[in-house]
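Residue numbers (the working numbering), protein chains in the order written: chain A, 2 to 268; chain B, 90 to 514. In this text, a Cβ means the ideal position worked out from N, Cα and C, and glycines have one as well. Note that this is a predicted model, so its numbers are computed, not measured.
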Amino acid sequence: MSSYLRELEKKSIAIVREAKAQFTNLAVLWSTGKDSTTSLWLCKKAFFGKIPFPVIHIDTGCKFPQIYEFRDRLAKEWDMNLIVAKNEEALQRGVSPKRDRFECCTLLKTEALKNLIEREKFDALILSIRRDEHGIRAKERYYSPRNSEFQWDYKNQPAEMWDLYVKPSEDYSHMRVHPILHWTELNVWQYVMQEKLPINPLYFAKNGKRYRSLGCQPCTVPIPSKAETIEAIVRELKTSKTPERAGRAQDKEKAYMMQKLRSLGYM
Amino acid sequence: MRRGKINLVVIGHKDHGKSTLIGRLLYDSNVIPEQKLQEIRDELEKSGKKEFEFAFLLDSLEEERKGGLTIDIMQTPFKTKKGSYTIIDCPGHREFIKKMLTGASQADSAVLVVSAKEGIEDQTKQHVFLIKTLGITQLIVAINKIDEVNYDEKRFTEVSVELEKVLNALGFGPVPVIPVSAFYGDNVVQKSEKMDWYDGLTLVETLDKFINPSVPPENKPLRGCVQDVYELEKKRLIICKIETGTLEYGKKVVFCPSGEEGLLRKIEMFGKEMRKTGPGHSIGLIVDGIKEVERGEVLSYPTSPCGQVQSFVAELILFLGVKIEKGDVFTIRCGTAEKKCNVQSILEKIDPVNLALQEKYPRVLEEGEVGKVRFTALEPICMEKYSEIPQLGRFVVEGKKGTAAAGIVLEVQFLERPKNDSLRR
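Here you go:
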């Protein structure tokens, strides 16, 4: 492994172990995408082969079939304790991006997660966001508390000095832990390549197009690409000048939509 | 060969142009995706602005863009011909000091931005004082907004001379000073043609020439922080993050403050064993001959063990919403240890703006203030002087809402151990 990737990995593993030691009821979120699959692998490494806490997949009911297939295959292979969070009530009411994209993301993702956290009493969640993905995610801390209303007070975040990650004693519903915050998209792919991680086939180009970021089927479009292998993706990213989330509708619907979604507890 | 990654924090008074300078740096280095530039142009057009806002490349919050100020830190990767950097943009407003410190605590070097027009202001001095307190010694100064003083050499010299006094008083050696205009791009990436009186380097050239990546502290005494203990099938692994020094298997090790001593039989990672490892690595250890070890203890070699402190003097920076008084009890987090300590006395209150002693033995330190405080350890805890082993010489005070204050250990008084103890002979 390149020495730089090794440094990234070291820091991430140390963070995951800190979270396990500091919180009593930890879980990790998994979209089946490249970032959260990388985090799962880091958790596997940190705990010597088996992830000792639940893996949560938020199911909006409109994910790609390849996402479900990949999820179920890997969950079995890696012996995960998989929990699927789904907002059945909202789905039955017919919530969809056609009506209102903001409402759809909030109800099917944020609310689904909120309900699960309340039910299972999780006090910390590992999420695989990265600073280079989006301006609003770049403002995050490694440990990022959500208040009792589930909200992120991004204007008044606590200090985070050195690598001393502190758990507040009150006024938070759960902690978001971000072990790969400092990685870039390219780092993730280089790591996937070196560690030979299983990866969702949607990322590979088919008929001149590939998905660069995975979301729900109605709100995610592929980008033009010829990259059919991980090696080709790494080469493509070294020269690409398109933003990673170019194919994600919720980022551009309205100005600051991501900021508003995230302040309410979106990932 | 490429150099290692450098973490660079950009500091200075509000409105002196920190975000604009970084935005310009990124823009001229041609690393911003066209789509992002177009989004910013569209947004500016909607609000009726004609000129491009370089700061928008960093300031992504609605409140930041509409208010024209940075509210929270932003980190962004950046490459030059010679170096690979992470640039950390900080807010310059006084009330955002905790965020500035969050950014600065991740950095190994700093760029100070001073407006040629306004000159030195309160947070100019305060920020330099704080990074010096955190132990950052690599500094470059960018005298910005040189266009607003008509590229005047005299004004540049005036500000530089005044600044030199401040930096000297804080113990900085000679520091490179560059006249720049972030707005027009003079001397940032491209050499300016509007200042024939300046024949020095551009900001980027200066970074590549003067700033070096920090060296992993492999040659210091071994210190590792116990994160956890895992009970796996038929084996117990002590999970330890190495902070300084080199850990080698087959050697005798000791955990403090418990004093448990044993032989290091294995260093384990998932799927492999290691013969030795160093700073930053979180690994699993199998140690023969020890009973109970818990999170918070410090691993070292018995030849240079980590000492348990009775009391220590620290420079303490209080964040907003906190105050301390003599007799207060706080939980202090140092390494992985979280232990109760008592404020024995407040020795000094330092004025971080005028960089001077403000008061001896004040009764109280208020939010946002800096002071020298003597703490007594109420529970067993190991610490070091920051000047010797920074990783165990820095700590935070835990508050209800998280980190409430940051401390740098200036002096330590170790606990006398009983004579029959093998440790501190």
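Separation of residue j from residue i, as counted between CA atoms
{"i": "residue 429(B)", "j": "residue 412(B)", "result": "17 Å"}
{"i": "residue 462(B)", "j": "residue 435(B)", "result": "4 Å"}
{"i": "residue 157(A)", "j": "residue 426(B)", "result": "26 Å"}
{"i": "residue 385(B)", "j": "residue 242(B)", "result": "55 Å"}
{"i": "residue 216(A)", "j": "residue 321(B)", "result": "36 Å"}
{"i": "residue 202(B)", "j": "residue 151(A)", "result": "37 Å"}
{"i": "residue 142(B)", "j": "residue 292(B)", "result": "20 Å"}
{"i": "residue 65(A)", "j": "residue 219(A)", "result": "9 Å"}
{"i": "residue 312(B)", "j": "residue 281(B)", "result": "48 Å"}
{"i": "residue 181(A)", "j": "residue 55(A)", "result": "19 Å"}
{"i": "residue 232(B)", "j": "residue 247(B)", "result": "11 Å"}
{"i": "residue 283(B)", "j": "residue 275(B)", "result": "8 Å"}
{"i": "residue 105(A)", "j": "residue 92(A)", "result": "9 Å"}
{"i": "residue 241(A)", "j": "residue 99(A)", "result": "31 Å"}
{"i": "residue 315(B)", "j": "residue 160(B)", "result": "35 Å"}
{"i": "residue 422(B)", "j": "residue 482(B)", "result": "11 Å"}
{"i": "residue 210(A)", "j": "residue 226(A)", "result": "5 Å"}
{"i": "residue 45(A)", "j": "residue 103(A)", "result": "34 Å"}
{"i": "residue 222(B)", "j": "residue 78(A)", "result": "50 Å"}
{"i": "residue 457(B)", "j": "residue 185(B)", "result": "10 Å"}
{"i": "residue 233(A)", "j": "residue 40(A)", "result": "22 Å"}
Beta-carbon contacts of residue i that lie in its chain and below 8 Å, excluding the five residues immediately before and after
{"i": "residue 337(B)", "result": "353, 364, 365"}
{"i": "residue 155(A)", "result": "137, 140, 260, 263, 264"}
{"i": "residue 67(A)", "result": "201, 202, 203"}
{"i": "residue 94(B)", "result": "173, 174, 175, 302"}
{"i": "residue 467(B)", "result": "418, 428, 429, 430, 431"}
{"i": "residue 120(B)", "result": "167, 168"}
Whether residue i touches residue j by CB criterion (7 Å)
{"i": "residue 357(B)", "j": "residue 373(B)", "result": "yes"}
{"i": "residue 178(A)", "j": "residue 47(A)", "result": "no"}
{"i": "residue 495(B)", "j": "residue 406(B)", "result": "yes"}
{"i": "residue 378(B)", "j": "residue 503(B)", "result": "no"}
{"i": "residue 474(B)", "j": "residue 459(B)", "result": "no"}
{"i": "residue 469(B)", "j": "residue 394(B)", "result": "no"}
{"i": "residue 388(B)", "j": "residue 344(B)", "result": "yes"}
{"i": "residue 169(A)", "j": "residue 361(B)", "result": "no"}
{"i": "residue 235(B)", "j": "residue 268(B)", "result": "yes"}
{"i": "residue 245(A)", "j": "residue 186(A)", "result": "yes"}
{"i": "residue 3(A)", "j": "residue 43(A)", "result": "no"}
{"i": "residue 36(A)", "j": "residue 129(A)", "result": "yes"}
{"i": "residue 197(A)", "j": "residue 370(B)", "result": "no"}
{"i": "residue 112(B)", "j": "residue 144(B)", "result": "yes"}
{"i": "residue 310(B)", "j": "residue 334(B)", "result": "yes"}
{"i": "residue 117(B)", "j": "residue 217(B)", "result": "no"}
{"i": "residue 500(B)", "j": "residue 398(B)", "result": "no"}
{"i": "residue 164(B)", "j": "residue 132(A)", "result": "yes"}
{"i": "residue 146(A)", "j": "residue 176(A)", "result": "yes"}
For residue j and residue i, believed in contact at Cβ under 8 Å, the rounded distance
{"i": "residue 251(A)", "j": "residue 6(A)", "result": "Rounded, the Cβ-Cβ distance is 30 Å, inconsistent with contact."}
{"i": "residue 52(A)", "j": "residue 29(A)", "result": "7 Å"}
{"i": "residue 219(B)", "j": "residue 190(B)", "result": "6 Å"}
{"i": "residue 173(A)", "j": "residue 144(A)", "result": "So it is not a contact: roughly 10 Å between Cβ atoms."}
{"i": "residue 164(A)", "j": "residue 26(A)", "result": "So it is not a contact: roughly 23 Å between Cβ atoms."}
{"i": "residue 492(B)", "j": "residue 89(A)", "result": "That pair is no contact at about 39 Å."}
{"i": "residue 267(A)", "j": "residue 61(A)", "result": "About 12 Å; that fails the 8 Å criterion."}
{"i": "residue 270(B)", "j": "residue 178(B)", "result": "The Cβ separation is near 18 Å, so there is no contact."}
{"i": "residue 367(B)", "j": "residue 331(B)", "result": "6 Å"}
{"i": "residue 400(B)", "j": "residue 464(B)", "result": "6 Å"}
Beta-carbon contacts of residue i that lie in its chain and below 6 Å, excluding the five residues immediately before and after
{"i": "residue 102(B)", "result": "181, 210, 212, 213"}
{"i": "residue 451(B)", "result": "435, 438"}
{"i": "residue 229(A)", "result": "205, 206"}
{"i": "residue 115(B)", "result": "121, 146"}
{"i": "residue 158(B)", "result": "none"}
{"i": "residue 148(B)", "result": "108, 154, 159"}
Same chain only: Cβ atoms within 7 Å of residue i, ignoring 5 sequence neighbours per side
{"i": "residue 508(B)", "result": "Note that residue 508(B) scores a pLDDT of 45, beneath 50, so its modelled location is shaky and nothing firm can be said."}
{"i": "residue 245(B)", "result": "205, 232, 235, 268"}
Contacts of residue i in chain D (Cβ-Cβ under 7 Å)
{"i": "residue 156(A)", "result": "Here chain D cannot be found, since the structure's protein chains are A and B."}
#### Entry: Continuous beta strand (DSSP E) assignments of at least 3 residues falling wholly in the stretch 202-277 of chain B
228-233, 266-268
### Message
Which complete beta strand (DSSP E) runs does the stretch 380-431 of chain B hold, if anything under 3 residues is left out?
### Response
The qualifying runs are 387-389, 398-407, 418-423.
#### Entry: Runs of alpha helix (DSSP H) wholly within the stretch 97-135 of chain A (minimum 4 residues, chain order)
102-106, 113-121
### Task
Just list the alpha helix (DSSP H) runs in the stretch 122-160 of chain B, keeping only unbroken ones of 4 residues or longer that don't cross its boundaries, in chain order.
123-135, 151-156
### Query
Counting only runs that start and end within the stretch 310-347 of chain B, where is the beta strand (DSSP E) found for 3 or more residues in a row?
312-321, 324-333, 341-345
### Message
As an exercise, report each continuous alpha helix (DSSP H) stretch of at least 4 residues that is fully enclosed by the stretch 197-227 of chain A, in chain order.
### Response
none
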